[in-house]
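In this note's numbering, the protein residues as written are 1338 to 1439. We treat Cβ as the ideally placed atom computed from N, Cα and C, and that holds for glycine. The next block holds one structure in the form of structure tokens; read it before the comments.
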Amino acid sequence: IDDLESKLSLEKAATTKSTGELTMEMGNLRRELEQEKKLASSKIGNLESELSTEKSTINNLESELSAAKAGAATSTDEFITDIWQLRTKLEEEHTSVTELQS
1338 IDDLESKLSL EKAATTKSTG ELTMEMGNLR RELEQEKKLA SSKIGNLESE LSTEKSTINN
1398 LESELSAAKA GAATSTDEFI TDIWQLRTKL EEEHTSVTEL QS
């Protein structure tokens, strides 16, 4: 019986030690997890900020593109108007030359 009690006492001591070690390890793991959560949260915040910047850049580029398209359309319209004016002048000159030849 003494031998069994001694073994039981040793098992209890080992179990108590293991429980203490497990409790410490759990505490360490919880701290690590909290640090990882904070790091992940920070990274997410940075990525969201970068995404917002990229969206802003895209919106600015789309605005510039729209302005360029509008400018190109205006330039094209002005070009066509200039061509018609030149054609009209050419026809007038041709008519004047034809009248002079007659």
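Specify the secondary structure class of residue i as computed by DSSP and reduced to three states.
| i | result |
| --- | --- |
| residue 1433 | helix |
| residue 1439 | coil |
| residue 1420 | helix |
| residue 1381 | helix |
| residue 1338 | coil |
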